[in-house]
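Visitor:
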Amino acid sequence: MRLTVNGRNHDVDAAPDTALLYVLRNDLALNGPKYGCGLGECGACAVLIDGVAARACVIPIEGCAGRNIVTLEGLGSREHPDAVQDAFIREQAAQCGYCLNGMIITTKALLARNPNPSEHEVLEALRYNLCRCGAHIEIIRAAMRAAGHVLEARD
C-alpha cells in the first residue's frame, strides 16, 4: 500500500487494518505521534490527514491511501520550526512533552480552518487532548500566540 506522509510516498507492507500509528512509528520511524491510550481519546497520536486532525491509533492504513498525511516532523525543522511549533517553544508549553504532538497538530488544524480563533474556540478545539502534567495554561497561551494573539499573564 502506498501512503503519502510529509510529502513523500512510501510503499508499506502491512495488513490493511493496521493502525496508521504503528506504520508511522515502526515502519517510517516517525516518532512525533505517540501511543497514548490506543482508543483515540487522548490525542497523543494525532496527525493531519488532508489537513484535518485525526487520531492515528484508530485509523486503519487502508483508509489513508491516496490522502495527504502530515506528522509533527512534517510541519517544520529544528532550524525552521512551523509557526505553531515556534509558539509552543516561546511559551515553554511543555512539561513532560508527551501530549505536545497532539496539542500542536490540533492547533495547526484549528488555525487552518479558523486563522483567528477566540480563546474560547482554542479551548474548545483542545478540550479532547489530554495533558496530565498540568501545562494547559501554557498550551493555551501557545495556541493563542500561534494565532497572533499574545495573552497577558493572569494571577
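Counting in the numbering used here, the sequence shown runs from 28 upward without gaps.
Cβ coordinates follow ideal geometry from the N, Cα and C atoms, glycine included.
Could you give the DSSP three-state label for ASP54: helix, strand or coil?
Guide: Position 27 of the sequence shown holds residue 54. Residue state, collapsed to three classes: helix.
Visitor: Start and end of the beta strand (DSSP E) containing ASP40?
Guide: What you label residue 40 is simply residue 13 of the sequence shown in a count that begins at 1. No beta strand (DSSP E) holds ASP40; DSSP gives it neither H nor E.
Visitor: Can you give me the start and stop residues for the beta strand (DSSP E) that ARG154 sits inside?
Guide: Mapped onto the sequence shown, residue 154 falls at position 127. Unbroken run through ARG154: none, as it is neither H nor E.
Visitor: Do you know how far the Cα of THR133 is from the Cα of GLY78?
Guide: Numbered from its first residue, the sequence shown carries residue 78 at position 51. Numbered from its first residue, the sequence shown carries residue 133 at position 106. About 10 Å.
Visitor: So, do the region 80-88 and the region 45-52 have three or more beta carbon pairs nearer to each other than 8 Å?
Guide: Yes, since at least three Cβ pairs between the region 80-88 and the region 45-52 fall closer than 8 Å, the two stretches touch.
Visitor: Check whether the Cβ atoms of TYR125 and ALA80 sit closer than 8 Å, and answer yes or no.
Guide: Here residue 125 is taken as the residue at index 98 of the sequence shown, counted from 1. Here residue 80 is taken as the residue at index 53 of the sequence shown, counted from 1. Going by C-beta atoms, TYR125 is not nearer than 8 Å to ALA80.
Visitor: Rounded to whole angstroms, what's the CA-CA distance from ALA120 to ASP38? Just pull it up for me.
Guide: As a first step, residue 120 is located in the sequence shown; it is residue number 93 there, counting from the start. As a first step, residue 38 is located in the sequence shown; it is residue number 11 there, counting from the start. So the two alpha carbons sit approximately 35 Å from each other.
Visitor: For ASN33, is the classification buried or exposed, using 16 other Cβ atoms within 10 angstroms of its Cβ as the cut-off for buried?
Guide: The residue labelled residue 33 in the question sits at position 6 within the sequence shown. Flag for ASN33 reads buried.
Visitor: How long is the line joining the alpha carbons of CYS160 and GLN122, rounded to whole angstroms?
Guide: Position 133 of the sequence shown, counted from the first residue, corresponds to residue 160. Position 95 of the sequence shown, counted from the first residue, corresponds to residue 122. Distance between the alpha carbons of CYS160 and GLN122 is about 6 Å.
Visitor: What number of angstroms, rounded off, separates the C-alpha of MET171 from the C-alpha of LEU30?
Guide: Position 144 of the sequence shown, counting from 1, holds the residue named residue 171. Position 3 of the sequence shown, counting from 1, holds the residue named residue 30. Roughly 32 Å separates the two Cα atoms.
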